[in-house]
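**Student:** First the structure, then my questions, so here it is.
Number of protein chains: 2
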Amino acid sequence: MELIQLGHIIRDKRNELGLTQEVLSLQSDVAIKTIHSIELGKANPSIKTLTKLLESLQLSLIVINKKIN
Amino acid sequence: MELIQLGHIIRDKRNELGLTQEVLSLQSDVAIKTIHSIELGKANPSIKTLTKLLESLQLSLIVINKKIN
DNA sequence: TTACATTCGGCAATATATTACTTATTTATT
DNA sequence: AATAAATAAGTAATATATTGCCGAATGTAA
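What follows is the structure in structure tokens.
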């Protein structure tokens, strides 16, 4: 899970739902500054912060067994 | 993703691999104090810290569409 | 151009995660 | 019981995440 990929997932889903960063900020109770930092892959969010965002975006974080390379 | 569940996943996998918290700490470069706090669900780790642990445990963090309830 | 909405980023303040050090507690074994 | 290994937890210091405030940049439309 690269931070840059995570940012893209959040941004894409937010756009799919037609939400601005500001609206997502209000819904998730995460600062807009934090949101755009995460979307750009420049932040290293905590699980709690990330989960609040993902909840608003109808997404979930799960742990899986790693692929064998 | 509840923090307590996450802790159980990490603890169970660590035991499966026969690693002590100390060994996992050395392998993942995460402080042992941080590890047992996470395992007990008392910590709110960052993505980077969590990913370092999961890497050592052959686990991955992914984002999925949330189940419809 | 102007105006507006949206996103980006610098800066400082606050909150909190992480660490190191130390001691306590648990658990297993003899 | 005693000993050792592993885990838990308290404290303090440091690093960093989060926030708020502000202005800059970007894109869109009139």
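Keeping their order, the protein sequence lines are chains A and B. Take 1 as the starting number for the first sequence in our numbering and just add one per residue. Take 101 as the starting number for the second sequence in our numbering and just add one per residue. Idealized CB from N, CA, C, for every residue including glycine.
Whose C-beta lies closer than 8 Å to the C-beta of A:Ser37 among residues of the same chain, with five residues either side of it excluded?
**Tutor:** Cβ within range, chain order: Ala43.
**Student:** Three Cβ pairs or more, each shorter than 8 Å: is that satisfied between the segment 144-163 of chain B and the segment 108-119 of chain B?
**Tutor:** Judged by Cβ distances under 8 Å, the segment 144-163 of chain B makes contact with the segment 108-119 of chain B, as three or more pairs qualify.
**Student:** Take A:Ala31 and list the residues in its own chain whose beta-carbon comes closer than 8 Å to its own, dropping the five residues that flank it on each side.
**Tutor:** Excluding residues within five positions, the ones whose Cβ falls inside 8 Å are Ser25.
**Student:** Can you grab the Cα-Cα spacing for the pair B:Glu116 / B:Leu157, in whole Å?
**Tutor:** Whole-angstrom Cα-Cα distance: 9 Å.
**Student:** Report the rounded CA-to-CA distance for B:Glu139 versus B:Leu106, giving the unit in angstroms.
**Tutor:** Taking the straight line joining both Cα atoms gives about 7 Å.
**Student:** Which of the three DSSP states, helix, strand or coil, is assigned to A:Leu19?
**Tutor:** In the structure shown, A:Leu19 sits in coil (DSSP, three-state: anything other than H, G, I, E or B).
**Student:** With which residues is B:Asn165 paired in a DSSP beta bridge?
**Tutor:** In DSSP, B:Asn165 forms a bridge with A:Leu59.
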